[in-house]
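In our numbering, each residue carries its 1-based index in the sequence shown increased by 4.
For reference, the structure is listed below as structure tokens.
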Amino acid sequence: MDDDSGPFGPVVKGTMVVVFYQYRPNEPAAYAFMSLFAIATLAHIVYFFSLQARWALPFILGGIAKIFGYYGRARSHSSPDTVGPWILQNLLLLTAPPLMSATIYMTLPRLTVAVDIRRKSRWMSRFLAPLYVVISTSGLFGCGLTVFIILAGSTQRRVAKDPPQPITLLDGSTVNWKNHFRAIQLVTLLVIVRSIVRTIEYLQGEEGVIISHEVFIYLFDAVPMFLIMAVYLVLHPGRLVKQARHHWTKVCLPLDRLSSIMLASCLVLFKLCVFFS
5 MDDDSGPFGP
15 VVKGTMVVVF
25 YQYRPNEPAA
35 YAFMSLFAIA
45 TLAHIVYFFS
55 LQARWALPFI
65 LGGIAKIFGY
75 YGRARSHSSP
85 DTVGPWILQN
95 LLLLTAPPLM
105 SATIYMTLPR
115 LTVAVDIRRK
125 SRWMSRFLAP
135 LYVVISTSGL
145 FGCGLTVFII
155 LAGSTQRRVA
165 KDPPQPITLL
175 DGSTVNWKNH
185 FRAIQLVTLL
195 VIVRSIVRTI
205 EYLQGEEGVI
215 ISHEVFIYLF
225 DAVPMFLIMA
235 VYLVLHPGRL
245 VKQARHHWTK
255 VCLPLDRLSS
265 IMLASCLVLF
275 KLCVFFS
């Protein structure tokens with residue numbers, strides 16, 4: 005097809021059996037965000053090793069999913085009725101937010117350790133990750149994020165009433181730990197907004213306003229997810245965890261590397277089941 009008017013999809017015996025797109029995907033926009041996500045993911049990989057932030061692995065996998073997801077959209081520009089690029093972008097753009105959210109969930113208990121306030125939310129480190137798995141795999145992903153942002157705000161308020169001692173870094177400067185809690189709330193809110201819009205998109209169906217206009221996927225998927233990666237570059241929790249001169253090095257979080265991998269695997273498996281069901 006040479007025209008830009010949709011719909012596009014595979015045609016069998018003169019009948020379009022599935023509608024892939026209501027428009028021809030914009031190639032420059034897809035490549036632009038693919039490049040942005042590639043740069044951000046590369047920076048997070050550097051932090052992954054320099055800060056020894058193994059718990060951030062799902063976040064990096066989410067960034068990689070975004071890279072290849074928008075690559076699929078770019079490929080769909082020249083072949084919008086081909087199944088391969090369509091599945092690539094649809095599947096990977098769908099699985100990236102839960103992967104990133106897994107790391108966001110694991111950030112809060114580590115911040116409480118970094119600022120030596122684990123005693124104020126001791127139960128959180130033990131039950132937050134299992135709670136996240138149960139809520140997310142039960143189809144209540146947005147509800148899980150809402151509960152989490154409430155927990156983060158509640159923890160911040162409790163800490164503000166009895167603030168810890170100033171965190172002195174290795175260079176002698178101090179850290180405003182409140183900014184890290186604000187960052188958690190901001191990125192969680194961005195994921196919630198993205199999830200709400202994508203849910204409305206699927207509820208509207210193939211003829212809906214959101215799915216019929218490409219601007220929505222960039223405005224409510226590409227932009228917020230890139231902002232999440234940018235916020236965590238500026239205020240990376242691993243930097244605070246590594247440099248804080250408190251008792252965090254003596255504390256062992258129950259959420260270790262194995263549980264992090266299992267958490268991400270459960271989320272990806274669930275999204276795959278939803279996609280192919």
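Beta carbons: idealized from backbone N, C-alpha and C, even for Gly.
Indicate the three-state DSSP secondary structure (helix, strand or coil) for residue i in the structure shown.
{"i": "S83", "result": "coil"}
{"i": "F24", "result": "coil"}
{"i": "P29", "result": "coil"}
{"i": "P14", "result": "coil"}
{"i": "G157", "result": "helix"}
{"i": "Q56", "result": "coil"}
Give the C-beta separation of residue i and residue j to the nearest angstrom, bearing in mind that I take them to be a contact with Cβ-Cβ under 8 angstroms.
{"i": "F37", "j": "Y222", "result": "7 angstroms"}
{"i": "L218", "j": "Y27", "result": "At residue 218 the sequence reads Glu, which differs from the Leu that was named. At roughly 5 angstroms, the Cβ-Cβ gap stays under 8 angstroms, so E218 and Y27 are in contact."}
{"i": "R114", "j": "P241", "result": "6 angstroms"}
Based on the DSSP output, what are the partners of residue i in its beta bridges?
{"i": "F72", "result": "In the DSSP output, where bridge partners are listed per residue, F72 has none listed."}
{"i": "S9", "result": "Y27"}
{"i": "T19", "result": "V16"}
Does the separation of the CB atoms of residue i and residue j fall below 9 angstroms?
{"i": "F185", "j": "D85", "result": "no"}
{"i": "T192", "j": "A234", "result": "no"}
{"i": "L103", "j": "A78", "result": "no"}
{"i": "Q208", "j": "I200", "result": "no"}
{"i": "L190", "j": "A44", "result": "no"}
{"i": "G66", "j": "A100", "result": "yes"}
Excluding sequence positions up to five away, which residues of its chain have a Cβ less than 8 angstroms from the Cβ of residue i?
{"i": "V197", "result": "F224 and P228"}
Starting from the C-beta of residue i, find all residues in its chain whose C-beta is less than 7 angstroms away, skip the five residues before and the five after it, and write them out in chain order.
{"i": "L239", "result": "N183, H184 and A187"}
{"i": "T107", "result": "W59, A60, P62 and F63"}
Can you name, in chain order, every residue of its own chain whose Cβ lies under 6 angstroms from the Cβ of residue i, other than the five neighbours on each side?
{"i": "Y74", "result": "A34, F37 and M38"}
{"i": "S82", "result": "none"}
{"i": "S105", "result": "V195"}
{"i": "P20", "result": "In the sequence as presented, Pro is not what sits at residue 20; that position holds Met. Only G13 meet the Cβ criterion."}
{"i": "A226", "result": "F37"}
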